[in-house]
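Engineer: Numbering of the sequence shown is given in our numbering, commencing with residue 10 and proceeding in unit increments.
For glycine and all other residues, C-beta sits at the position ideal for the given N, C-alpha and C.
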Amino acid sequence: MVHTLDRLTAGLNDAQREAVTTDAAPLAILAGAGSGKTRVLTRRIARRVLNHEVDPSHVLAVTFTRKAAAELRRRLGELGLPAAVNAGTFHSIAYAQLRQRWSDRGITPPEILDRKVGFVARLMSARNSTAPLDVTAEIEWAKARMIPAEQYPLEAARAGRTPPFDADRVAQLYTAYEEEKLRRRMVDFDDLLRLATRDINSDHAYAAARRWRYRHLFVDEFQDVNPLQFELLRAWLGDNLDLCVVGDPNQAIYAWNGADAEYLERFDDHFPGVHFVKLTLNYRSSPQIIGVANTVLNTSFDGDLAVAGSRMALHLAPTRGDGPMPTVISYADETAEAHGIARRIRDAHAPGRTWSDQAVLVRTNAQLLIFEESFRLSGIPFRSRGSVRFLDRPEIKDALVAMRRGPGRLAERLVELDAGEAGDGDSGGEAGALNADRAANVLELVRLGREYLGFDPEGDLGSFQSWLASTLRSDDGGNSGDAVDLSTFHAAKGLEWPIVHLAGLEEGLVPIHFAETPLARAEERRLLYVALTRAERVLSLSWAERRTFGTKSLRRRRSPYLEAVDLAIELLNQHADPVNLGAAVAEQRRKLRTIEMDTPRPPPRRRVAADDLSPGDRLVLDALKAWRLTQARAADVPAFVIFTDATLVAVASSRPATESQLLAVAGIGAVKAQRFGEQLLRIVEEST
Numbered sequence: 010m011v012h013t014l015d016r017l018t019a020g021l022n023d024a025q026r027e028a029v030t031t032d033a034a035p036l037a038i039l040a041g042a043g044s045g046k047t048r049v050l051t052r053r054i055a056r057r058v059l060n061h062e063v064d065p066s067h068v069l070a071v072t073f074t075r076k077a078a079a080e081l082r083r084r085l086g087e088l089g090l091p092a093a094v095n096a097g098t099f100h101s102i103a104y105a106q107l108r109q110r111w112s113d114r115g116i117t118p119p120e121i122l123d124r125k126v127g128f129v130a131r132l133m134s135a136r137n138s139t140a141p142l143d144v145t146a147e148i149e150w151a152k153a154r155m156i157p158a159e160q161y162p163l164e165a166a167r168a169g170r171t172p173p174f175d176a177d178r179v180a181q182l183y184t185a186y187e188e189e190k191l192r193r194r195m196v197d198f199d200d201l202l203r204l205a206t207r208d209i210n211s212d213h214a215y216a217a218a219r220r221w222r223y224r225h226l227f228v229d230e231f232q233d234v235n236p237l238q239f240e241l242l243r244a245w246l247g248d249n250l251d252l253c254v255v256g257d258p259n260q261a262i263y264a265w266n267g268a269d270a271e272y273l274e275r276f277d278d279h280f281p282g283v284h285f286v287k288l289t290l291n292y293r294s295s296p297q298i299i300g301v302a303n304t305v306l307n308t309s310f311d312g313d314l315a316v317a318g319s320r321m322a323l324h325l326a327p328t329r330g331d332g333p334m335p336t337v338i339s340y341a342d343e344t345a346e347a348h349g350i351a352r353r354i355r356d357a358h359a360p361g362r363t364w365s366d367q368a369v370l371v372r373t374n375a376q377l378l379i380f381e382e383s384f385r386l387s388g389i390p391f392r393s394r395g396s397v398r399f400l401d402r403p404e405i406k407d408a409l410v411a412m413r414r415g416p417g418r419l420a421e422r423l424v425e426l427d428a429g430e431a432g433d434g435d436s437g438g439e440a441g442a443l444n445a446d447r448a449a450n451v452l453e454l455v456r457l458g459r460e461y462l463g464f465d466p467e468g469d470l471g472s473f474q475s476w477l478a479s480t481l482r483s484d485d486g487g488n489s490g491d492a493v494d495l496s497t498f499h500a501a502k503g504l505e506w507p508i509v510h511l512a513g514l515e516e517g518l519v520p521i522h523f524a525e526t527p528l529a530r531a532e533e534r535r536l537l538y539v540a541l542t543r544a545e546r547v548l549s550l551s552w553a554e555r556r557t558f559g560t561k562s563l564r565r566r567r568s569p570y571l572e573a574v575d576l577a578i579e580l581l582n583q584h585a586d587p588v589n590l591g592a593a594v595a596e597q598r599r600k601l602r603t604i605e606m607d608t609p610r611p612p613p614r615r616r617v618a619a620d621d622l623s624p625g626d627r628l629v630l631d632a633l634k635a636w637r638l639t640q641a642r643a644a645d646v647p648a649f650v651i652f653t654d655a656t657l658v659a660v661a662s663s664r665p666a667t668e669s670q671l672l673a674v675a676g677i678g679a680v681k682a683q684r685f686g687e688q689l690l691r692i693v694e695e696s697t
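This is the structure in structure tokens:
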């Protein structure tokens, strides 16, 4: 026994060792990004089995994907466990349970409905592909939240859902969906969870047998549990407290899909007496990346919620050596951004490096397409993770059908298609994530159409579709060899790369424009945290000053979350502790606000044009511009990001000598005064 325990705890840190060896039950392991959660979970199971504390046939390990279940079984096998350990998803375990019960009772199993969208489309007599998708998504959300059809309108309104049309109509379709399934003796995957729960709760003898069969439960990714899954878990457990869950409240990013991280956040309310273990040592990322990620997560913003004070907060601590400082870069537009990142990827593809060491992560699927185009032109192999091929998307198929039916030339049809899509990428109020992503894809089709007409002004729809098929070949997602990964933030969860490029970090995308409530914006911040913590050593962040949505080219503002990134980088350069950087940034921001509020400002001077400067002022301006150029080159950003010409002209004309005088200059706030004030005042003094 001692030998087995020594082997299973070899190489573990103190918190990991406690999670593996404690006899506490129930147990909640709060495992931060890159903290070795799967290693701990499998070794805990192995410790209990190999030390003969539990019979492996009575162990049930629950995951959320078949891939995760397969990985769990593989790792348990490597630790010497017999195949008797049961590992699977909620749905697969529920289905196996139901099939056994149906067999025991001589019941013919119902048919599984695995193509819901087509089923819903027939109920609607829908002529397009997107409306059934929307309705199906609403039904799935409601069933995950255990909301019956008659309560859907009220609960959808409370949750801020924006259904594809009137909520009462969705409720009617939901009712018709359930009735038609019943008539045809069919069940969907959510029904499997409901029926498995019902059977246990309604039959005491059966419940006792099930709970005897699986008496040691382990659940991974517990922050992603939805109410329906939680009820099944409670049914499996009964009064049994032999439960171990692993989760990370900082990576709760699926509330839009019905998940409820409150089950983890308030775990002790559901299971009094629980023992918590926190895993905060990160074995993936450099201290510089950890510092930025901690800061983004724990710095509050206007209209946002801070996580720093939460009792479940996890402040990651790095274990790896120093790496390069993360960079923030702005580009003129999305095309320049894609080409710029392609160049950076080529530069990083040095001897000994593979293409698959790198990834580009974006907020929405629609943003991936321009990178696919740019990488093809650059000869960079790539694969798109977790996304349906662009031309296979139902909204794109519907748009092309609508264009074929429409009158006029291709350019006119593109304008009409553009006019039919609400929003400009920044507006639109409360909208569903699915609808917003779909609209963005259609606007991307319009952008491609304009790009095509630039090559062939006389082109028609047929030639445009041929060009699309040629430009967007099927290799956009199927490259299984050495290739750069293109992924959304959501699809990147659970993955990691040595070099990560985060693109499109603009207000309206990060956070997404329809995240208007504090809870929604807090989830957006956690989503960015997930993306940041995918990087092991090199992290670059970028945004576009202009972005095209359909036929509109719009000026963009960088993501407000980049303020935290900037401050984190500044403090890291001053050798601040990456673990407590969030608190340091909060204190820094508090001091800056105090300076702004407490410093009496003289009356603002009128704006002076460069032509109005005296010869002496021009000397000051030349020195300021030379300094700005050095700063911009060092930060790899355009010069105006440091200071605009108008601001430097104002400094040169007013020649401030103190910090309060500097703060009176238009264009200089407390943050920039803190960062550059001393240098500006010195340049003014030396040039006068």
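(1) Since I believe A501 is in contact with L288 (beta carbons under 8 Å), could you give me their beta-carbon distance rounded to a whole number of angstroms?
(2) Quick check on DSSP: helix, strand or coil for E515?
(3) Within 8 Å, do at least three Cβ pairs link the stretch 275 to 282 to the stretch 556 to 565?
(4) Starting from E545, follow the beta strand (DSSP E) in both directions and report where the run begins and ends.
(5) What residues in its chain sit with their C-beta under 8 Å from that of S483, if we drop five residues either side in the sequence?
(6) Could you compute how far the alpha carbon of Q683 sits from the alpha carbon of S549?
(7) With C-beta atoms as the reference, is E404 less than 8 Å away from T139?
(8) Enumerate in chain order the residues of its own chain whose CB-to-CB distance from A130 is below 6 Å, with the five nearest sequence positions on each side excluded.
(9) Where does N291 sit, in a helix, a strand or coil, going by DSSP?
(10) With distances taken Cα to Cα, identify the nearest neighbour of L14 among R56, H279, T184 and D23.
(11) In three-state DSSP terms, what is L226?
(12) Could you say which of Q297, D469 and I116 lies nearest to L580 if we only look at CA atoms?
(13) Are three or more beta carbon pairs between the stretch 456 to 463 and the stretch 352 to 359 nearer than 8 Å?
(14) Note down the Cα distance separating R681 from L633, rounded to an integer number of angstroms.
(15) Looking at Y183: is its Cβ nearer than 8 Å to the Cβ of I209?
(16) Between T145 and the rest of its own chain, which residues show a CB-CB distance below 8 Å, the 5 nearest in sequence each way excluded?
(17) Find out if the Cβ-Cβ distance for the pair G294, P333 is shorter than 8 Å.
(18) Once the 5 residues before and after A105 are set aside, which same chain residues still bring their CB inside 8 Å of it?
(19) Going by the CB atoms, is the gap between L237 and F391 shorter than 8 Å?
(20) Rounded to whole angstroms, what is the Cα-Cα separation between E6 and L571?
(21) From V234 to A270, what does the alpha carbon distance come to, in whole angstroms?
(22) Rounded to whole angstroms, what is the Cα-Cα separation between T47 and L85?
(23) Within the stretch 17 to 79, note down every full alpha helix (DSSP H) run reaching 4 residues or more, in order along the chain.
(24) Return the residue from the list L370, R52, I121 and N95 that minimises the CA-CA distance to L88.
(25) What do you get for F231, buried or exposed, if any count of 16 or more other CB atoms within 10 angstroms of its CB means buried?
(26) Evaluate L163 with the Cβ neighbour count: other Cβ atoms within 10 Å of its Cβ, from every protein chain shown; 16 or more gives buried, anything less gives exposed.
(27) Per DSSP, which residues does Y340 bridge with? Please list them.
(28) Tell me whether T98 sits in a helix, a strand or coil according to DSSP, three-state version.
(29) Could you tell me the distance, in whole angstroms, from the CA atom of R413 to the CA atom of S365?
(30) Could you have a look at P507 and say whether DSSP puts it in helix, strand or coil?
(31) Using the Cα positions of R394 and A655, report the straight-line distance between them to the nearest angstrom.
(32) Would you call E532 buried or exposed, if buried means 16 or more other Cβ atoms sit within 10 Å of its Cβ?
(33) Identify every run of the beta strand (DSSP E) within the stretch 244 to 286, keeping only runs that are complete inside it and at least 3 residues long; order them along the chain.
(34) Below 8 Å on the Cβ atoms is my contact criterion, and I expect R224 with N249 to pass it. Report the Cβ-Cβ distance as a whole number of Å.
(35) Rounded C-beta distance between L81 and A70? I'm assuming under 8 Å.
(36) Starting from M195, follow its DSSP beta bridges and name the residues at the other end.
Structural biologist: A quick look at the data gives this:
(1) The pair is not a contact, with the Cβ atoms about 21 Å apart (cut-off 8 Å).
(2) In the structure shown, E515 sits in a strand (DSSP, three-state: E or B).
(3) no
(4) A544 to F558
(5) Confidence in S483 is poor, its pLDDT being 44 and thus under 50, which makes the residue's placement unreliable; the coordinate value appears in the next sentence. Exclusion of the five residues before and after S483 leaves R398 as the residues of its chain whose Cβ lies within less than 8 Å of its Cβ.
(6) 24 Å
(7) The beta carbons of E404 and T139 sit closer together than 8 Å.
(8) Answer for A130: P141, listed in chain order.
(9) strand
(10) R56
(11) strand
(12) Q297
(13) no
(14) For clarity, residue 681 is Lys in the given sequence; the question names Arg instead. Their Cα atoms are separated by approximately 15 Å.
(15) At the C-beta level, Y183 and I209 stay beyond 8 Å of one another.
(16) K125, V126 and V129
(17) One detail in the question is off: residue 294 reads as Ser in this sequence, not Gly. Judged by their CB atoms, S294 and P333 are not nearer to each other than the 8 Å cut-off.
(18) Result list for A105: G97, in chain order.
(19) no
(20) This structure cannot settle anything about residue 6, because the visible part of the chain is limited to 10 through 697.
(21) 7 Å
(22) 10 Å
(23) Counting whole runs of 4 or more residues, the stretch 17 to 79 contains the alpha helix (DSSP H) stretches 23 to 30 and 46 to 59.
(24) R52
(25) buried
(26) exposed
(27) A553
(28) strand
(29) Here the alpha carbons of S365 and R413 stand approximately 40 Å from one another.
(30) DSSP places P507 in the strand class (E or B) of the three-state scheme.
(31) 44 Å
(32) buried
(33) 252 to 256
(34) 6 Å
(35) 6 Å
(36) Note: M195 sits in a beta bridge opposite E120.
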